[in-house]
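This report refers to the structure that appears directly beneath it.
2 protein chains.
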Amino acid sequence: MKAKITLKDIARELEVSISTVSKALKNSEEISRDTKDKVQAFAKLYNYKPNNIAISLKNKRTKNIGVVIPDIVHHFFTTVIRGIEKYANARGYNVIVCLSEESFDKEVINMEMLANGSIDGFIMSLSSETQEKSDYNHLKEVTEQGIPVVLFDRITNEVDCDKVIIDDELGAYQATNKFIDQGKKKIALITTDDYLSVSKARTKGYRKALEESNLGIDESMILKMPSMEMDELAIKTFLNEKEPDAVLCVNEIFAVYSMRLVQEKGLKIPEDIAFIGFTDGVLSKYANPSLTVVAQHGEKMGEVSAKMLIDKVESEAEEETYQTKILEPTLVIRDSIAH
Amino acid sequence: MKAKITLKDIARELEVSISTVSKALKNSEEISRDTKDKVQAFAKLYNYKPNNIAISLKNKRTKNIGVVIPDIVHHFFTTVIRGIEKYANARGYNVIVCLSEESFDKEVINMEMLANGSIDGFIMSLSSETQEKSDYNHLKEVTEQGIPVVLFDRITNEVDCDKVIIDDELGAYQATNKFIDQGKKKIALITTDDYLSVSKARTKGYRKALEESNLGIDESMILKMPSMEMDELAIKTFLNEKEPDAVLCVNEIFAVYSMRLVQEKGLKIPEDIAFIGFTDGVLSKYANPSLTVVAQHGEKMGEVSAKMLIDKVESEAEEETYQTKILEPTLVIRDSIAH
DNA sequence: AAATATAACGAAAACGGTTTCGTGTTAATA
DNA sequence: TATTAACACGAAACCGTTTTCGTTATATTT
């Protein structure tokens, strides 16, 4: 086991000072050609690489970014991470991933762990518990300390920071209009509770489309799941009783599960009943029939978030100006609707 | 913006030395009750938290673990990360995630980035390119430097380190036997190229089961995808020509896609043709019919890997003894086979 | 020859902690 | 009263860098 070599080691071996070694490796003009050659050759031979931690301490820059998300076993978040990771890596940053598991406390603990020097900034999506409690003090504290934060997808307006979202309202609006255009009359919505910022926006878009049409809104055509989990019985009862001819679901799982239920009843998709979901994951692609979805472009979202964060981290100026980027969703047409 | 407070700040304000503050905060016996109270109260008031980087530099311990995986948009890897993250977090460690994207070069670069002090150890799964090239020098260099490595799932025997795998051979063996027990005669295998350690093991288990039965092996019943990507046409042709009555697939996607193909032909699952896949992801659960799979217990694998790594990191002893943990797969029975 | 410029390098501080060792003061002991 | 022990604290080294500011030769200028 050969331990890592340090500047001090090189200095000792070559009988020069540590400062000389440091400068020589940086090709400083101060150092003679001879010495530089000697030092650089030695460093290469022993595969010298500066210690990241020491550099971090010196520069007060870690080149790490902290990503705090509710869950990782969700296609959408996964794609966002991938976008973040790719972009960040290209700019020399590493990504530390922390999971809040939809828990407020874990979110707080994770942020505190990372906020003490481990990272240069945060990219995060709020846990449902945090959104439910509307307690954002942990975020405010961090921003007050001058640590940049980018919020994506599940955001709040109570914190001053950069934000990236997709236009969920528009996505739902377009999806609902698609149904309307295709002559659907009984358009249902299966969603989660409103405290989730995204569900709220999607519900709004759904309502808007219906209000603008001559169909009007039937409140009983909206099914709200109390938790993030799927209540299979609730969906079954709902579909049986309301007999919609089109269903908009706020995620893939609700949609795919619902499709199976109605197929078991002998209904034809999309003739008898059409479906549109949110999130363009594997499920939508490989479902039978394949599911039309409002694609959220998670990877793009990750890239944009990472760019915003790193730009802020690296900007000298202490601008207190924040922006919110709104990405356009796109409807990915598949076989669960007519086309 | 209130900047973080340091020991030095506290020392200045309270007119004591930095050492005294440090000791007081650690409740050292050396320091008087009075001083400790004073310091601790002040620290709490100003929300003092020690700087992680400084501590890392001093201790030569970062409390970070590096996870290098081929891809994150794969259910299996995602669950592994979750297992790692949960376990590591509980022991006070953070997880830095790097994606090799199945590229040898990226794997090398990522490891080099992290190996210079950023992490205490690696947990990784090899990229397909690395397995194809059989070049493991980057791993050997790291282990020679005394940085612990745990390899999971996609491993190699050429590197001395701890390893965690599931018994892929056993999983395939059991799945194939399940088909045999149910009277299936023409059992096909859809897999990827053999350089992937897991595909190889699964193929072996498949062969073993068939050899032990009186069915024997028909090489033409094995379809090997050249890349990781799915060649839809190849599958279609294969299924049409060989007309198997049971298909074992090395992942979910191959299986779900195949199921759709045969359903379009009017075949009944599982009566006419049965399916078993690998990886217990969303796809299997929500496919129609739901897919029987060999569950790989990714989360468990992550936990075990993290435990092995952290135990090694924290053990003083420089034991050069490595173990390979083999996790048992389980067959999750769903509607794609008779039951 | 004296003054000055330049080249090449080293000492030391700094980043923010931890820890060892020393030291001055007071109290207990001989 | 002199010696010792206990107590409470500070100085300084250390982790591995970077960087400023000397400092010493040597070379150039007047």
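Taken in sequence, the protein lines are chains A and B. Start counting the first sequence at 1; every next residue gets the next number (the working numbering). Start counting the second sequence at 340; every next residue gets the next number (the working numbering). Virtual Cβ for every residue (Gly too), placed ideally from N, Cα, C. Note that the structure is a prediction, hence the values are computed from the model and not measured.
{"Query": "Per DSSP, cross-strand counterpart(s) of Leu587 (chain B)", "Result": "B:Leu528, B:Ile615"}
{"Query": "Closer than 7 Å to chain A by CB, Asn391 (chain B)", "Result": "yes"}
{"Query": "Those residues which DSSP pairs with Ile462 (chain B) across a bridge", "Result": "B:Val406, B:Val489"}
{"Query": "Run of the alpha helix (DSSP H) containing Leu572 (chain B), from where it starts to where it stops", "Result": "571-581"}
{"Query": "Opening and closing residue of the alpha helix (DSSP H) in which Val378 (chain B) lies", "Result": "372-384"}
{"Query": "Closer than 8 Å at the beta carbon, the chain A residues around Tyr475 (chain B)", "Result": "Neighbours of Tyr475 (chain B) on chain A: none; closest Cβ ~17 Å, over 8 Å."}
{"Query": "Beta-carbon proximity check, Val294 (chain A) vs Leu327 (chain A), cutoff 7 Å", "Result": "no"}
{"Query": "Against chain A: residues of the region 585-602 of chain B by CB proximity under 9 Å", "Result": "Glu591, Ile592, Val595, Tyr596, Met598, Arg599, Gln602"}
{"Query": "Which of helix, strand or coil DSSP assigns to Ala338 (chain A)", "Result": "coil"}
{"Query": "Leu396 (chain B), DSSP secondary structure in three states", "Result": "helix"}
{"Query": "Residues from the region 424-455 of chain B in contact with chain A, defined by Cβ distance under 9 Å", "Result": "Glu424, Lys425, Asn428, Gly431, Asn433, Val434, Ile435, Val436, Cys437, Leu438, Glu440, Lys445, Ile448, Asn449, Glu451, Met452, Leu453, Ala454, Asn455"}
{"Query": "CB contact check: Met569 (chain B) to chain A, cutoff 7 Å", "Result": "no"}
{"Query": "Cβ contact (3+ pairs, closer than 8 Å) linking the region 77-95 of chain A and the region 22-40 of chain A", "Result": "no"}
{"Query": "Chain-ordered chain B contacts of Glu144 (chain A) [CB-CB under 8 Å]", "Result": "Met340, Lys341"}
{"Query": "Own chain partners of Pro148 (chain A) with C-beta closer than 8 Å, once the 5 adjacent residues on each side are dropped", "Result": "Asp120, Gly121, Phe122, Cys161, Asp162, Leu309, Lys312, Val313"}
{"Query": "Nearest-angstrom beta carbon gap, Lys325 (chain A) and Val304 (chain A) [assumed within contact, 8 Å]", "Result": "6 Å"}
{"Query": "Rounded C-alpha distance that separates Ser118 (chain A) from Leu535 (chain B)", "Result": "36 Å"}
{"Query": "Within-7 Å CB hit, Thr631 (chain B) to chain A", "Result": "no"}
{"Query": "Where the beta strand (DSSP E) containing Ile96 (chain A) begins and where it ends", "Result": "94-99"}
{"Query": "Segment contact flag, the region 200-213 of chain A with the region 225-244 of chain A, C-beta cutoff 8 Å, min 3 pairs", "Result": "no"}
{"Query": "The region 481-498 of chain B touching the region 509-516 of chain B, judged by at least three CB pairs closer than 8 Å", "Result": "no"}
{"Query": "CB contact flag (Arg493 (chain B), Ser464 (chain B), <7 Å)", "Result": "yes"}
{"Query": "Amino acids of chain A, ordered along the chain, whose beta-carbon sits closer than 7 Å to that of Val360 (chain B)", "Result": "Simply none; closest approach about 16 Å."}
{"Query": "Delimiting residues of the beta strand (DSSP E) encompassing Ile222 (chain A)", "Result": "222-225"}
{"Query": "Beta-carbon neighbours of Val407 (chain B), restricted to chain A and to distances below 7 Å", "Result": "The contacting residues do not exist; Val407 (chain B) stays about 11 Å from chain A at best."}
{"Query": "Val68 (chain A) vs Ser100 (chain A) beta-carbon contact at 7 Å", "Result": "yes"}
{"Query": "Any chain A beta carbon closer than 7 Å to Arg704 (chain B)", "Result": "What the structure shows of chain B is the stretch from 340 to 678, and residue 704 (chain B) is not part of that stretch, so it cannot be assessed."}
{"Query": "Partner residues on chain A for Leu622 (chain B), Cβ-Cβ distance less than 8 Å", "Result": "Val282, Leu283, Tyr286"}
{"Query": "Rounded straight-line distance, which links the Cα of Val447 (chain B) to that of Glu480 (chain B)", "Result": "11 Å"}
{"Query": "Opening and closing residue of the beta strand (DSSP E) in which Ala634 (chain B) lies", "Result": "631-634"}
{"Query": "Same chain, Cβ closer than 6 Å to Val419 (chain B), neighbours up to 5 away in sequence not counted", "Result": "Gly637, Met640, Gly641"}
{"Query": "Leu189 (chain A) and Leu261 (chain A) closer than 7 Å at C-beta", "Result": "no"}
{"Query": "Pro609 (chain B), buried or exposed, once every other Cβ within 10 Å from all chains shown has been counted against 16", "Result": "buried"}
{"Query": "Straight-line Cα distance separating His414 (chain B) from Ile526 (chain B)", "Result": "26 Å"}
{"Query": "Enclosing beta strand (DSSP E) for Thr324 (chain A) [first to last residue]", "Result": "324-327"}
{"Query": "Presumed contact (8 Å Cβ cut-off) between Ile336 (chain A) and Thr292 (chain A), rounded CB distance", "Result": "Before going on, a small fix: residue 336 (chain A) reads as Ser here, not Ile. Right, the Cβ-Cβ distance comes to about 5 Å (below 8 Å), so this counts as a contact."}
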